[in-house]
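Visitor: Let me begin by handing over the structure; questions about it come next.
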Amino acid sequence: MSTSLAILLSALAMSAIVGLRYLAVSGGFALATRLRSRGLYRGLDRQIAREIGWSLASAAIYGIPAGIVAWGWAEHGWTRVYSDVGAYPIWWLPASVLAYLFAHDTWFYWTHRLMHRPRWFRAMHAVHHASRPPTAWAAMSFHPLEALTGALVIPALVFIVPIHVGALFVVLTIMTVMGVTNHMGWEMFPRGLVHGRLGRWLITASHHQRHHDRYACNYGLYFRVWDRLCGTDGGIGGFTGNNR
Ligand SMILES: [Zn+2]
Ligand SMILES: [Zn+2]
141 MSTSLAILLS ALAMSAIVGL RYLAVSGGFA LATRLRSRGL YRGLDRQIAR EIGWSLASAA
201 IYGIPAGIVA WGWAEHGWTR VYSDVGAYPI WWLPASVLAY LFAHDTWFYW THRLMHRPRW
261 FRAMHAVHHA SRPPTAWAAM SFHPLEALTG ALVIPALVFI VPIHVGALFV VLTIMTVMGV
321 TNHMGWEMFP RGLVHGRLGR WLITASHHQR HHDRYACNYG LYFRVWDRLC GTDGGIGGFT
381 GNNR
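In this text, residue positions in the sequence shown follow our numbering: the first is 141, and each later residue adds one.
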C-alpha cells in the first residue's frame, strides 16, 4: 500500500472512531437526560439536528491530525507515547494526565477568549453559541475553524510530553465525557463536590452553563485556574426548572 493511501485510511478510520465515540457518548447522556428530566430538550429538535451535523463535521476534522499522528506512531515510532509502563516512574501516570488536561485547558482558555472578540466570534464561535440552551449533542458543535483549533492540541502534545498509551486513553475519555456533560443542561456531580472546595477549581456543567448564559465569563475547559487568575470567573449557576 502506498504511504499516502495508508495515511488517508488512518485519518478516515480516526474520523470514524471520533464520530462514533461522539454519537455513543452524547446519545448515552441524551438518553440519561430523557430518563431524568423528560422534556428538558422539548422544542429543540431542529437545534439538535444542527448540533449533530456540526459535531460530525468536527469529528471528521479531529480525525485528520489524529490519524496522521497515529500512522506515524505505528509506522515510524513518532511521538512520546509509550506502552511500557515501566519506562517512566509510576507517579508520572497520574501526573501526565494532569499535565495534558492543564495544557489543553490553557490552550482552550486563551483561544476561547480570543474567539469572544466580536470579529472572531462571528467568524468562528457563533456556531457553538447558537445552541441556546445547549444539549448533550452540542459537545462538538463547532464551526470547522474552531474545530481545527481543538483538533491540533493532543496531536501536538504527544510530540512534547511523554504519556503512557493508557493514560492518553484516560485523557481522551475525560475530554469526551466532560465535553458532553458540561452541555447537557443539568449537573451530574453531587452538590458537595460542585459547591465544595474541589468545585472551586474544577469545571462542571454548572460552570460552563453560565458561560452559555452570559458569554463574558467562565472561558475555561477543565479547571477554573485561568478564569480565577484573569478575573473572568463568573461563579457557578444553579439549575432550576428546565433551565430554559
Ligand atoms: Zn460550550
Ligand atoms: Zn464561548
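We treat Cβ as the ideally placed atom computed from N, Cα and C, and that holds for glycine. Please read these numbers as outputs of a predicted model, since none were measured by experiment.
Taking the alpha carbon of H256 as the point to measure from, which residue in P330, A239, N358 has its own alpha carbon closest?
Guide: One-based indexing of the sequence shown puts residue 256 at position 116. Ranking P330, A239, N358 by Cα distance to H256 puts N358 first.
Visitor: Let me make sure I understand the geometry here. Which of L163, F169, A146, V267 has the alpha-carbon closest to that of M328?
Guide: Sequence index remark: in the sequence shown, residue 328 carries index 188 (1-based). Among L163, F169, A146, V267, the Cα nearest to that of M328 belongs to F169.
Visitor: For my contact list, I128 and W211 are in at a C-beta cut-off of 8 Å; report their separation, rounded to the angstrom.
Guide: Beyond the ends of the chain as shown, which are 141 and 384, falls residue 128; an answer cannot be given.
Visitor: Cα-Cα, which of L196, D373, L285 is closest to R262?
Guide: Against the sequence shown, residue 262 aligns to sequence position 122. When each option's Cα is compared against that of R262, the closest is L285.
Visitor: Cβ of H304 versus every heavy atom of ligand 2: is any distance shorter than 7 Å?
Guide: Working through the sequence shown from its first residue, we reach residue 304 at position 164. No, Cβ of H304 sits at least 7 Å from all heavy atoms of ligand 2.
Visitor: Which value, in whole angstroms, describes the spacing of the CA atoms of S144 and A199?
Guide: Taking the sequence shown and counting its residues from 1, one reaches residue 144 at position 4. Taking the sequence shown and counting its residues from 1, one reaches residue 199 at position 59. In a straight line, the C-alpha of S144 is about 21 Å away from that of A199.
Visitor: Where does H268 sit, in a helix, a strand or coil, going by DSSP?
Guide: Residue 268 sits at position 128 when you count from the first residue of the sequence shown. Helix, per DSSP.
Visitor: To the nearest angstrom, report how far apart N383 and L160 are at their CA atoms.
Guide: Counting from one through the sequence shown, the residue named residue 383 turns up at place 243. Counting from one through the sequence shown, the residue named residue 160 turns up at place 20. Its pLDDT being 43, under 50, N383 is placed unreliably by the model, and nothing is read from it.
Visitor: When you compare each of Y355, L149, A153 to A270 by their alpha carbons, which one comes out closest?
Guide: One-based indexing of the sequence shown puts residue 270 at position 130. Measuring from the Cα of A270, the nearest candidate turns out to be Y355.
Visitor: Taking only the alpha-carbon atoms, compute the straight-line gap between I376 and H216 and give it to the nearest angstrom.
Guide: As a first step, residue 376 is located in the sequence shown; it is residue number 236 there, counting from the start. As a first step, residue 216 is located in the sequence shown; it is residue number 76 there, counting from the start. Approximately 46 Å between the Cα atoms of the pair.
Visitor: On a CA-only basis, which of M318, H265, G306 is nearest A345? Give me that one, please.
Guide: Sequence index remark: in the sequence shown, residue 345 carries index 205 (1-based). A345 has its Cα closest to that of M318, out of M318, H265, G306.
Visitor: Going by C-alpha distance, which of A235, L292, V158, R350 is nearest T313?
Guide: Taking the sequence shown and counting its residues from 1, the one referred to as residue 313 is at position 173. The residue with the shortest Cα to Cα distance from T313 is V158.
Visitor: Could you tell me the alpha carbon to alpha carbon distance between V334 and L342, rounded to whole angstroms?
Guide: Within the sequence shown, the letter at position 194 stands for residue 334. Within the sequence shown, the letter at position 202 stands for residue 342. C-alpha separation (whole angstroms): 8 Å.
Visitor: Restricting to Cα atoms, I'd like to know which of P273, Y362, H347, H268 is closest to H244.
Guide: Looking up residue 244 in the sequence shown gives position 104. H244 has its Cα closest to that of Y362, out of P273, Y362, H347, H268.
Visitor: So, at 8 Å on beta carbons, what are the nonlocal neighbours of W260 in its own chain, with the 5 sequence-adjacent residues on each side left out?
Guide: Mapped onto the sequence shown, residue 260 falls at position 120. Hits under 8 Å: L254.
Visitor: When you measure from the CB of H335 to every non-hydrogen atom of ligand 2, does any distance come out below 7 Å?
Guide: Counting from one through the sequence shown, the residue named residue 335 turns up at place 195. The answer is no for H335.
Visitor: Determine the direct distance from the alpha carbon of A214 to that of T289, and round the result to whole angstroms.
Guide: Here residue 289 is taken as the residue at index 149 of the sequence shown, counted from 1. Here residue 214 is taken as the residue at index 74 of the sequence shown, counted from 1. Going from the Cα of T289 to the Cα of A214 covers about 25 Å.
Visitor: Considering Cα atoms alone, identify which of P258, G203, V320, V305 is closest to V225.
Guide: Translated into positions along the sequence shown, residue 225 becomes position 85. Cα-wise, what sits closest to V225 is V305.
Visitor: Check each candidate in W366, G339, R368, D373 and name the one with the smallest Cα separation from R350.
Guide: As a position in the sequence shown, residue 350 is number 210, starting the count at 1. Checked all of W366, G339, R368, D373; the closest Cα to R350 is D373.
Visitor: Reducing DSSP to helix, strand and coil, say where I230 ends up.
Guide: For this step, residue 230 is matched to residue 90 along the sequence shown. Three-state result, I230: coil.
Visitor: Measuring only the C-alpha atoms, how far is P234 from I294?
Guide: As a working mapping, residue 234 is identified with position 94 in the sequence shown. As a working mapping, residue 294 is identified with position 154 in the sequence shown. Those two C-alpha atoms are separated by around 17 Å.
Visitor: Residue range of the alpha helix (DSSP H) that R186 falls in?
Guide: In the sequence shown, the residue the question calls residue 186 occupies position 46. Its alpha helix (DSSP H) spans residues 185-216.
Visitor: What are the residues that DSSP puts in a beta bridge with V221?
Guide: Against the sequence shown, residue 221 aligns to sequence position 81. Answer is I303.
Visitor: So the candidates are H268, R337, I204, A307; which of them puts its Cα closest to the Cα of W231?
Guide: By 1-based counting over the sequence shown, the position of residue 231 is 91. Comparing Cα-Cα distances from W231 to each of H268, R337, I204, A307, the minimum goes to A307.
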